[in-house]
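S.K.: Here it is, the structure, as structure tokens.
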Amino acid sequence: MIKLSALCNIVVVLKVALATGTLAHANEPHVNSQAQLPLAFRCGATRHRSAVAGSPTPEPLSFKLVDHYPHRNNAFSQGLIFHQGYIYESTGLYGQSMLARYPLGQLTPDTSQTLDDKYFGEGLAMVDDEFVVLTWKSGDVLRYRLTQNTTDATTQSDSQSQANTFELTATQQIESEGWGLTSNGTSLVSSDGSSALTFRNLETLKPEKKIIVRVMDRPVKHLNELEWANGCIMANIWGSDTVVLIDPTDGQVRYTIDLASLAKRERNDQANVTNGIAYRHDNGNVLVTGKNWQHIYELELSNAAQ
Ligand SMILES: [Ca+2]
């Protein structure tokens, strides 16, 4: 296992110039159709031209904290997604696990579904109109669909008229523990606490490819919550405040983000580890939080070239 302190030391002292580009990844869902956004990071075949083959040194990304929003401090955050103004969040712990939706900026979910007590909720991904929720050790994967309430809104209060539900549409099985989950619209990618990422069929969840995530040839264990953005797979590392951005073509960590300053803000009796990454395809910013944190933070990422 890589020593996280060593990783941080490595990434902090090294700077690599990176030019900006335009948002373009054909396989990504929810691609921004508005202005072309300057990118602080990019992976895959279209990644930055200065990147070198082999085992590159990760580039540390810096960030500007552009906003913060409320987050339920009893939400043991596992999976985080942003879609059309809403946060979708899966949470863990036996007897408390839940899938919830709430408008970014509001504390209270307008839609939620508790998981059976036998489940410890884990990662979350959106596939078309379905929400796929991992569970920790059961091997079960739960698929939900958001069902719009058909009640006549004119006869109901605001809260009642917005009472949609998450309907369980399928329970599937995978062969490993479930930790993090994300999708680029072509594959689902899951983590299991090891250094491996497993690419899965969107519908059957059958494994199709596995990569080992490395920093300069050293495997990175404890990959947790995931988020696909600009061809990179962003990952929390359980037990650390470091987010790594992984190139899915070879498993190499291309960039890192140090969230220690945000974790320090949240340090209190309830707050747990950094976990939860959601990419905003509408403005290119990244939303991050942690288990039982009181806030979701919106970050504008930048690199040495900006
Ligand atoms: Ca995510």
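Here this note's numbering is used: position 139 in the sequence shown is 727, and no number is missing along the way.
Glycine included, C-beta positions come from ideal geometry on N, C-alpha and C.
Where Gln858 and Ile762 are concerned, what is the direct C-alpha to C-alpha distance, given to the nearest angstrom?
M.R.: Going from the Cα of Gln858 to the Cα of Ile762 covers about 32 Å.
S.K.: DSSP three-state call for Ala758: helix, strand or coil?
M.R.: Ala758: strand per DSSP, three-state reduction.
S.K.: According to the neighbour-count rule (16 or more other Cβ atoms, all chains shown, within 10 Å of its Cβ), is Ser747 buried or exposed?
M.R.: Caution is warranted here: a pLDDT of 47 is assigned to Ser747, below 50, making its placement in the model unreliable, and the coordinate value is therefore given only provisionally. So Ser747 counts as exposed.
S.K.: When the Cα atoms are used, what is the spatial distance from Leu847 to Asp829?
M.R.: Roughly 5 Å between the two C-alpha positions.
S.K.: Rounded to whole angstroms, what is the Cα-Cα separation between Glu647 and Ala784?
M.R.: Going by the C-alpha atoms only, they are around 21 Å apart.
S.K.: When the Cα of His656 is compared with those of Asp870, Thr699 and Arg853, which residue comes out closest?
M.R.: Closest by alpha carbon: Arg853.
S.K.: Could you give the distance in angstroms between the alpha-carbon of Val730 and the alpha-carbon of Leu793?
M.R.: Just to set this straight, residue 730 is Leu in the shown sequence, not Val. In a straight line, the C-alpha of Leu730 is about 11 Å away from that of Leu793.
S.K.: Within the same chain, show all residues whose beta-carbon is closer than 7 Å to that of Ser577, passing over the 5 residues directly before and after it, in chain order.
M.R.: Given that the chain is displayed from residue 589 to residue 894, the structure contains no residue 577 and the question cannot be resolved.
S.K.: Is any heavy atom in ligand 1 found nearer than 8 Å to the beta carbon of Ile675?
M.R.: Outside the cutoff, so no.
S.K.: Does ligand 1 have even one heavy atom less than 8 Å from the beta-carbon of Glu813?
M.R.: Yes, ligand 1 has a heavy atom inside 8 Å of this Cβ.
S.K.: Kindly indicate the opening and closing residues of the alpha helix (DSSP H) around Ser828.
M.R.: Run containing Ser828: none; DSSP gives neither H nor E here.
S.K.: Alpha carbon to alpha carbon, how far is Tyr867 from Ile675?
M.R.: Approximately 11 Å between the Cα atoms of the pair.
S.K.: Taking C-beta to C-beta, are Pro836 and Gly819 nearer than 9 Å?
M.R.: Against a cut-off of 9 Å, the Cβ pair of Gly819 and Pro836 comes out as a contact.
S.K.: Let me check understanding here. Comparing Cα to Cα, which of Asn873, His810, Ile834 and Leu889 lies closest to Asn863?
M.R.: Nearest C-alpha to Asn863: His810.
S.K.: Figure out for me which residue from Pro658, Lys652 and Thr702 has the closest Cα to the Cα of Gln694.
M.R.: For Gln694, the nearest C-alpha among the options comes from Pro658.
S.K.: Look up Met822 in the DSSP assignment and give the residues it is bridged to.
M.R.: According to DSSP, Met822 bridges with Glu815 and Leu833.
S.K.: Just verifying my parser: in three-state terms, what is the DSSP assignment at Leu875?
M.R.: In the structure shown, Leu875 sits in a strand (DSSP, three-state: E or B).
S.K.: Is it the case that the CB of Gly864 approaches a heavy atom of ligand 1 more closely than 8 Å?
M.R.: Gly864: yes, Cβ under 8 Å from ligand 1.
S.K.: Buried or exposed, going by whether 16 or more other CB atoms sit within 10 Å of the CB of Asp716?
M.R.: Answer is exposed; the Cβ neighbour count stays below 16.
S.K.: Less than 9 Å separating the beta-carbons of Ser665 and Trp881?
M.R.: Result yes, Cβ atoms of Ser665 and Trp881 sit closer than 9 Å.
S.K.: Look up Gly766 in the DSSP assignment and say whether it is helix, strand or coil.
M.R.: Three-state result, Gly766: coil.
S.K.: What does a CB cutoff of less than 8 Å around Arg802 pick up in its chain, not counting 5 residues either side in sequence?
M.R.: Answer for Arg802: Ser643, Ser783, Val808, Gly839, Gln840 and Val841, listed in chain order.
S.K.: Which same chain residues end up closer than 6 Å to Lys879 when comparing Cβ atoms and leaving out the 5 residues on each side of it in sequence?
M.R.: Phe664, Ser665, Asn860, Val861 and Asn863.
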